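So the protein sequences, as listed, match chains A and B.
Residues in the first sequence are numbered from 774 upward in steps of one, following this note's numbering.
Residues in the second sequence are numbered from 774 upward in steps of one, following this note's numbering.
What follows is a short report on a single structure.
Protein chains: 2
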Amino acid sequence: MEHEYDLYYWPSIQGRGEFVRLILEDGGASYRDVARLPASQGGGVPALKRFLEGDGAGGLPFAPPFVKHGDRVIAQTANILQYLGPRLGLVPDDEGARVFAHQVQLTVMDFLTEIHDVHHPIAVSLYYEDQQPEARRRATHLLAERIPKYLRYFEKVLGADAATAGRTRFMLGSSFSYVDLSMFQVVAGLEYAFPKALVQIAPVFPGLVNLARRVSERPRLAAYLGSTRRIPFNQQGVFRHYPELDAVGAT
Amino acid sequence: MEHEYDLYYWPSIQGRGEFVRLILEDGGASYRDVARLPASQGGGVPALKRFLEGDGAGGLPFAPPFVKHGDRVIAQTANILQYLGPRLGLVPDDEGARVFAHQVQLTVMDFLTEIHDVHHPIAVSLYYEDQQPEARRRATHLLAERIPKYLRYFEKVLGADAATAGRTRFMLGSSFSYVDLSMFQVVAGLEYAFPKALVQIAPVFPGLVNLARRVSERPRLAAYLGSTRRIPFNQQGVFRHYPELDAVGAT
């Protein structure tokens, strides 16, 4: 095998897989994004589904993303980041910091689920259009209550001084980690999905906005974001821009 | 300090904290369930809220449950189990098995969120009664699609032979682990919340039902389940019994 890691994720969206792409890219990993390869190279969605049906090696995944590393198949986004972090030098080398990094990452995943469910409050098997009244109702609470609550928490973890005092503060303090990559993705996603509401929520998270900008300027990440490997945000992922849901404080 | 672990969780419900109580009890840990102690012993909900407001030591939790162990404060249910598993001898001693155990546990947590959200599809800040039409609609999909999908997956992890061939098979194969404790709790919770629907879904997960019974007969766990330390299921936790939501296949 020429590549150390094989990532399996839906080929046309950022979704949860993007958190894995970011750590692989920023960590300079040798990897393939398998489902984005042509079938002639063993790629495409069928290559991914083979694992979900239990025909692949390793620990049976419930859903993408999952990563194949040697004989291992590792699923669950936060679990993958926890696995890759030490191997790519993107988490500090002590148990306390790693446990806390994972704890914050799991809170990011909970936040993502709430953001996703705003356009699917009833069922993932239904189209957004078939649950739009419920989505509108949920969006009011998401924007007024949940997004500010989560962002206040992450801002508190980052430290209130992050926006002004120096440029070296990260989610784990002085050490850059995969949690910072995830915060970048969350800020970018929210800006895409809820541009109007974010203007009003902005005072809540100045440090995170500053952090997201610093992350985006890291050389490997900037190269990735400017490449075709970065799939643009669209209306099939976790973060979707429906103007009718972007209406906190609207009169 | 006389006890090695301090658990902080809402004192009147099983909720996500129950997964932590189960590993502490089955692992024979020396622990206190702090919020269930009287205020005169430093207990009660105020003791818990102090940490959420960032006044406690250790890694800032977003929400209960969290566990204090020495100077560390560890939050996020699956993260706590991952931390306690090796310390209480409730996960195998190799990285591959631990990564997979955590992966399955994270899938349990996703399942729990879907089960919780059936009675809160719009917002956690609203009463169930104020989102009942949406809850009914979501319940139809939860029972017909999501519960069978998750149970089929967990049954596949357990192995198709679990119900008939021998009594020694667990979620990680031959080794008992905290994932088995979690599966017990999931089966017990579903039986409480959806007794009618489960009769129809039962053919999907015979191995898990058998596993749950075997887990409940473990000496320490049986003692716990028969004690007042086990809070009964009720209408404030994750698993709630609303007859109007227990209606898969109803005509």
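No residue lacks a Cβ here, since even glycine has one placed at the ideal position from N, Cα and C.
Remember, it's a predicted structure, so these values are computed and weren't measured experimentally.
Query                                                                                                                                                                                           : Result
Distance cutoff 8 Å, beta carbons only. Does E964 (chain A) sit that close to anything in chain B?                                                                                              : no
Within its chain, find whatever has a CB closer than 6 Å to the CB of G858 (chain A); leave out the 5 residues flanking it on each side and keep chain order.                                   : V864 and Y951
Does the beta carbon of N852 (chain A) sit closer than 8 Å to a beta carbon anywhere in chain B?                                                                                                : yes
Compute the Euclidean distance between the alpha carbons of A917 (chain B) and Y856 (chain B), then round it to the nearest angstrom.                                                           : 35 Å
Near Y900 (chain A), which residues of its chain fall below 7 Å by C-beta distance, leaving aside the five closest residues on each side in sequence?                                           : none
When the Cα atoms are used, what is the spatial distance from F943 (chain A) to S955 (chain A)?                                                                                                 : 12 Å
What does DSSP give as the partner residues of D806 (chain B) in its beta bridges?                                                                                                              : B:L780
Give a yes or no on whether 8 Å exceeds the smallest Cβ distance from D1019 (chain B) to chain A.                                                                                               : no
Report the neighbours of I895 (chain B) on chain A: residues whose CB is nearer than 8 Å to its CB, in chain order.                                                                             : P894, E907, R910, R911 and H914
Give a yes or no on whether the C-beta atoms belonging to F1012 (chain A) and Y965 (chain A) are separated by under 8 Å.                                                                        : yes
Identify which residue in A:I853, A:P838 and A:G832 has its Cα closest to the Cα of V846 (chain A).                                                                                             : A:G832
Taking just the CA atoms, how far does L879 (chain B) sit from Q849 (chain A)?                                                                                                                  : 7 Å
Anything in chain C within Cβ reach of T886 (chain B), meaning under 7 Å, just list it in chain order.                                                                                          : Checking the listed chains, one finds no chain C in this structure; the protein chains it contains are A and B.
So, using beta-carbon positions, are A896 (chain A) and H914 (chain B) closer together than 8 Å?                                                                                                : yes
For the alpha helix (DSSP H) containing R909 (chain A), list its first residue and its last residue.                                                                                            : Q905 to H914
Taking F884 (chain A) as the reference, give the member of A:R860, A:L854, A:G962 and A:F949 with the closest Cα.                                                                               : A:G962
Which residues in chain B sit within 9 Å of V872 (chain A), going by Cβ to Cβ distance?                                                                                                         : G832, R845, I847, N852, Q855 and Y856
Closer than 8 Å, CB to CB, is G869 (chain B) near chain A or not?                                                                                                                               : yes
Can you tell me where the alpha helix (DSSP H) with A985 (chain B) in it begins and where it stops?                                                                                             : P979 to S989
Give every residue of the same chain whose Cβ lies closer than 7 Å to the Cβ of V877 (chain B), excluding the five residues on either side of it in the sequence, and list them in chain order. : V930, M944 and V952
Any Cβ of chain B within less than 8 Å of the Cβ of G827 (chain A)?                                                                                                                             : yes
Take K969 (chain A) as the anchor and find which of A:P979, A:Y997, A:D866 and A:Y1015 has the nearest alpha-carbon.                                                                            : A:Y1015
Output yes or no for whether 8 Å exceeds the beta carbon distance between V840 (chain A) and Y778 (chain A).                                                                                    : yes
Examine chain B for any beta-carbon lying closer than 8 Å to the beta-carbon of H776 (chain A), and answer yes or no.                                                                           : no
So for V972 (chain A), helix, strand or coil by DSSP?                                                                                                                                           : helix
Counting only runs that start and end within the stretch 844 to 902 of chain A, where is the beta strand (DSSP E) found for 3 or more residues in a row?                                        : 845 to 848
Which residues, in chain order, does the stretch 804 to 828 of chain B contribute to contact with chain A at a C-beta distance below 7 Å?                                                       : G827
So with CB distances below 7 Å, who are the chain A contacts of F835 (chain B)?                                                                                                                 : T880 and Y926
So for F927 (chain B), helix, strand or coil by DSSP?                                                                                                                                           : helix
So, is L906 (chain A) buried or exposed, given that buried needs 16 or more other C-beta atoms within 10 angstroms?                                                                             : With the sequence shown as reference, residue 906 (chain A) is identified as Pro, and Leu is not the correct amino acid for it. The residue is exposed, with fewer than 16 neighbouring Cβ atoms inside 10 Å.
Whose C-beta lies closer than 7 Å to the C-beta of A985 (chain B) among residues of the same chain, with five residues either side of it excluded?                                              : M956, F957, V960 and A961
By Cβ distance, which residues of its chain are closer than 6 Å to A870 (chain B), with the 5 residues on each side in sequence left out?                                                       : L945
In chain order, what residues of the same chain lie with their CB nearer than 6 Å to the CB of D806 (chain B), ignoring the 5 residues before and after it?                                     : L780
Take the Cβ of G1010 (chain B) as the centre, count every other Cβ of all protein chains shown within 10 Å, and call the residue buried at 16 or more, exposed below.                           : buried
Got a sec? Which residues, its chain only, sit under 6 Å from R911 (chain A) by beta carbon, not counting five neighbours each side?                                                            : V891 and P894
In angstroms with no decimal places, state the Cα-to-Cα distance between V758 (chain B) and N852 (chain A).                                                                                     : No answer is possible for residue 758 (chain B): it lies beyond the span of chain B, which begins at 774 and ends at 1024.
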